[in-house]
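Under my numbering, the first residue of the sequence shown is numbered 3, with each subsequent residue one higher.
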Amino acid sequence: MDKIPPNVHLFKWIPQSDLLQNPKTKAFLSHGGYNSLQEAISAGVPLVTIALFGDQPKNAKIAERHQFSINLRKSDLSADTIADALTKLFKDPSYSQKIKRISQMVRKKPVSPSHLLVSWAEFAAEFKTLDNLVPAGSKLGFVQYHSLDILKFVLMKAYCFLFRSKKVKKA
């Protein structure tokens, strides 16, 4: 590897949350997975995301829409695009301000988890049965829940159609 600047440190592994909580961490280059996004929000560190698969593209778009992340496409990656994105994060304080505000909002929570738990416990105690909160799908059998009966019907119709079309071709 080329000469590494003195402010760059290489580690085989480091706990991500510890790294993000360090006050010297100014930006986070991430795939944009849910946990990474939550840890960045918790720490108030803006991101450069490179979404690969799964929930990552959606998360990266949400972070970019809320203006605390710059989303790079994998197909456009180069040292220059990453450097440009990081430079933009460092020079534009709005990215840092936005994520710090969101971090404060997440920490503040209008309703504390303990209050929420007590409220739901009191609600359940008062109304005893909560049939209206049970998803309708939980009362269906396995076949109906997964629409296997409909799938069987569609496959049988497709088979009959193919069987008839072969018969017509032969005639």
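Using N, Cα and C, we set each Cβ at its ideal position, and we do this for glycine too. Values in this document were obtained by computation on a predicted structure and should not be read as measured data.
Using a Cβ-Cβ cut-off of 7 Å, state whether S71 counts as contacting chain B. Here there is only one protein chain, and chain B is not present.
Alpha carbon to alpha carbon, how far is L164 from K172? 12 Å
Could you give the residue range of the alpha helix (DSSP H) that holds S44? 36-45
Do Q58 and G35 have their C-beta atoms within less than 7 Å of each other? yes
Return the CA-CA distance between A160 and L142, expressed in angstroms with no decimal places. 26 Å
C-alpha distance - Q99 paired with D4, whole-angstrom precision: 34 Å
Whole-angstrom Cβ separation of I43 and S105, contact assumed at under 8 Å? 6 Å
Within the stretch 83-141, ranges of the alpha helix (DSSP H) (whole runs, at least 4 residues): 95-110, 115-129
Does the pairing of the stretch 130-148 with the stretch 74-90 give three or more beta-carbon distances under 8 Å? The answer is no - the stretch 74-90 does not touch the stretch 130-148, with fewer than three Cβ pairs under 8 Å.
What span of residues does the beta strand (DSSP E) with I72 cover, start to end? Annotation for I72: the continuous beta strand (DSSP E) segment containing it runs 71-73.
Presumed contact (8 Å Cβ cut-off) between I64 and V50, rounded CB distance: No, I64 and V50 are not in contact; Cβ-Cβ is about 15 Å, not under 8 Å.
S80 - DSSP class collapsed to helix/strand/coil: coil
Taking buried to mean at least 16 other C-beta atoms within 10 Å of its own C-beta, is S32 buried or exposed? buried
Return the CA-CA distance between W122 and K76, expressed in angstroms with no decimal places. 44 Å
DSSP beta-bridge partners for V50? L31, I72
Enclosing alpha helix (DSSP H) for S149 [first to last residue]: Counting along the chain, S149 falls outside any alpha helix (DSSP H), and DSSP gives it neither H nor E.
DSSP three-state assignment for N2, whether helix, strand or coil: Here the chain has residues from 3 to 173 only, and residue 2 is not among them.
For Q23 and Q40, what's the separation of their Cα atoms in angstroms? 12 Å
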